[in-house]
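2 protein chains.
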Amino acid sequence: MFSKATEYALRATIYIAQHTTEDSKCRIDDIARGIDAPVSFTAKILQALRKDEKVINSISGPNGGFYITDKCRKKPVRAILDAMGEGEVLEKCVLGLKKCSNTSPCPMHSDYKEIKKKLLRLFEDRTIQDLADDKGMFLKLGKK
Amino acid sequence: MFSKATEYALRATIYIAQHTTEDSKCRIDDIARGIDAPVSFTAKILQALRKDEKVINSISGPNGGFYITDKCRKKPVRAILDAMGEGEVLEKCVLGLKKCSNTSPCPMHSDYKEIKKKLLRLFEDRTIQDLADDKGMFLKLGKK
DNA sequence: ATAATTCAGGACAATTTTGTCCTGAATAGA
DNA sequence: TCTATTCAGGACAAAATTGTCCTGAATTAT
Numbered sequence: 007m008f009s010k011a012t013e014y015a016l017r018a019t020i021y022i023a024q025h026t027t028e029d030s031k032c033r034i035d036d037i038a039r040g041i042d043a044p045v046s047f048t049a050k051i052l053q054a055l056r057k058d059e060k061v062i063n064s065i066s067g068p069n070g071g072f073y074i075t076d077k078c079r080k081k082p083v084r085a086i087l088d089a090m091g092e093g094e095v096l097e098k099c100v101l102g103l104k105k106c107s108n109t110s111p112c113p114m115h116s117d118y119k120e121i122k123k124k125l126l127r128l129f130e131d132r133t134i135q136d137l138a139d140d141k142g143m144f145l146k147l148g149k150k
Numbered sequence: 007m008f009s010k011a012t013e014y015a016l017r018a019t020i021y022i023a024q025h026t027t028e029d030s031k032c033r034i035d036d037i038a039r040g041i042d043a044p045v046s047f048t049a050k051i052l053q054a055l056r057k058d059e060k061v062i063n064s065i066s067g068p069n070g071g072f073y074i075t076d077k078c079r080k081k082p083v084r085a086i087l088d089a090m091g092e093g094e095v096l097e098k099c100v101l102g103l104k105k106c107s108n109t110s111p112c113p114m115h116s117d118y119k120e121i122k123k124k125l126l127r128l129f130e131d132r133t134i135q136d137l138a139d140d141k142g143m144f145l146k147l148g149k150k
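Residue numbers (my numbering), protein chains in the order written: chain X, 7 to 150; chain F, 7 to 150.
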């Protein structure tokens, strides 16, 4: 569904929302270990999340690291996708047709439209904090 | 959602189902033009669809080309995904977690599960022929 | 001021995906 | 049989994605 980079971004954001406050931040290597992702690649992804769309924050130096503000916690999960440049995935045609639309539908359009609508709602209604709160019985972000 | 190769595969299969019978086949370059895909890359994809899982057929020589049998027309659209090695896409975790399951769910699992179920149904219930039959008002497979 | 810690950001490398090209095999018709 | 047509399949190339590494800047404490 999403690129690896975006999967890591989703996991990292959840991790950060679960493990930090504005006072107690966490370092890249903790995050990377916590989500089973390569450290340097994670660094690059966290930079993207920190940029304009600003999903997370960071500060350098001792006791520095990444954290997420209360304001950002309230953002929809979709903000992560947008920051990674994959927001469009939720809207494009299954067959990859540029001009597929209600007035010019591909053979899968009408059925797939309903699914996209649900997907969009999933990513737009739920906030980052919602995901962090949802600590099910097992909530291991790692592979194992 | 899917790779470009798989998008082309879906488009190509629909194209073939709409434009050929076992008597009148069509050539790679017609197919490629009809679905707005590069010719040589399309050739490679059509080979994959022709292989074991056999979604389509072909014969060489003059008046040769690609076609699809009645039997293959009845296969679910999912057969195309499987032939392209992307069947798994419909089942994996949004966060990319290997061990995400009902007993060990990620924070998106329960919501996303319902969407995957609908996606699966979409690709398993509808046949290739269904797609070929669905000639809406506008059914242009090309980009424009 | 200096040293230690931690992120920022760019250059680089590996891998995968996407795409091209060429030779050979199969088929049909003259 | 000979030629023209069309697919088969592998080698190769380009581009995108994924991943690594290094230098520098910011911050903290001494």
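Just so you know, even glycine gets a beta-carbon here, dropped at the ideal spot from N, CA and C.
Can you give the Cα-Cα distance for GLU97(X) and PRO68(X), rounded to whole angstroms? 42 angstroms
C-beta atoms of LEU126(X) and CYS112(X) nearer than 8 angstroms: no
Neighbourhood of LEU101(F) by C-beta, 6 angstroms cutoff - its chain only, sequence neighbours within 5 removed: CYS112
Output yes if chain F places a C-beta closer than 8 angstroms to the C-beta of GLY102(X); else output no. yes
Of the residues CYS32(F), TYR14(F) and ARG132(F), which one's Cα is nearest the Cα of ASP42(F)? TYR14(F)
In the DSSP output, which residue or residues are listed as bridge partners for CYS32(X)? PHE72(X)
Mind listing the chain F neighbours of PRO82(X)? Cutoff is C-beta to C-beta under 9 angstroms, in chain order. None at all; the shortest Cβ gap to chain F is about 13 angstroms.
What residue from LYS50(F), THR133(F) and ASP139(F) has the CA that sits closest to ILE86(F)'s CA? THR133(F)
Restricting to Cα atoms, I'd like to know which of GLU28(F), THR75(F) and LYS122(F) is closest to GLY93(F). LYS122(F)
Give the C-beta separation of GLU120(X) and THR75(X) to the nearest angstrom, bearing in mind that I take them to be a contact with Cβ-Cβ under 8 angstroms. At roughly 35 angstroms, the Cβ-Cβ gap does not stay under 8 angstroms, so GLU120(X) and THR75(X) are not in contact.
Segments assigned beta strand (DSSP E), at least 3 residues, entirely inside the segment 67 to 125 of chain X: 71 to 73
Exposed unless 16 or more other CB atoms sit within 10 angstroms - verdict on VAL83(X): buried
Taking the Cβ atom as the reference point for each residue, do THR19(X) and ILE34(X) lie within a distance shorter than 8 angstroms? no
VAL61(X) burial status per 10 Å Cβ neighbour count (16 or more: buried): buried
Which stretch, first to last residue, makes up the alpha helix (DSSP H) that contains SER64(F)? Not the alpha helix (DSSP H): SER64(F) falls in the beta strand (DSSP E), residues 63 to 65.
Who are the neighbours of LYS50(X) on chain F, taking C-beta pairs under 9 angstroms? Result: empty, since nearest Cβ-Cβ is about 17 angstroms, beyond 9 angstroms.
So, does the CB of ASP36(X) fall closer than 8 angstroms to a CB anywhere in chain F? no
Check this for me: beta carbons of GLY71(X) and CYS106(X), under 8 angstroms apart or not? no
State the DSSP-derived secondary structure class of THR27(F), mapped to helix, strand or coil. coil
Check each candidate in ASP136(X), ILE37(X), ASP117(X) and ASP140(X) and name the one with the smallest Cα separation from TYR73(X). ILE37(X)
In the DSSP assignment, what residue or residues form a beta bridge with THR133(F)? PRO82(F)
Using only the alpha-carbon positions, how far apart do THR12(X) and ILE51(X) sit? 8 angstroms
Please state whether DSSP places LYS10(X) in a helix, a strand or coil. helix
Measuring straight from C-alpha to C-alpha, what distance separates ASN108(X) and ARG39(X)? 45 angstroms
Counted within 10 angstroms of its Cβ, other Cβ atoms place GLN24(X) as buried (16 or more) or exposed: buried
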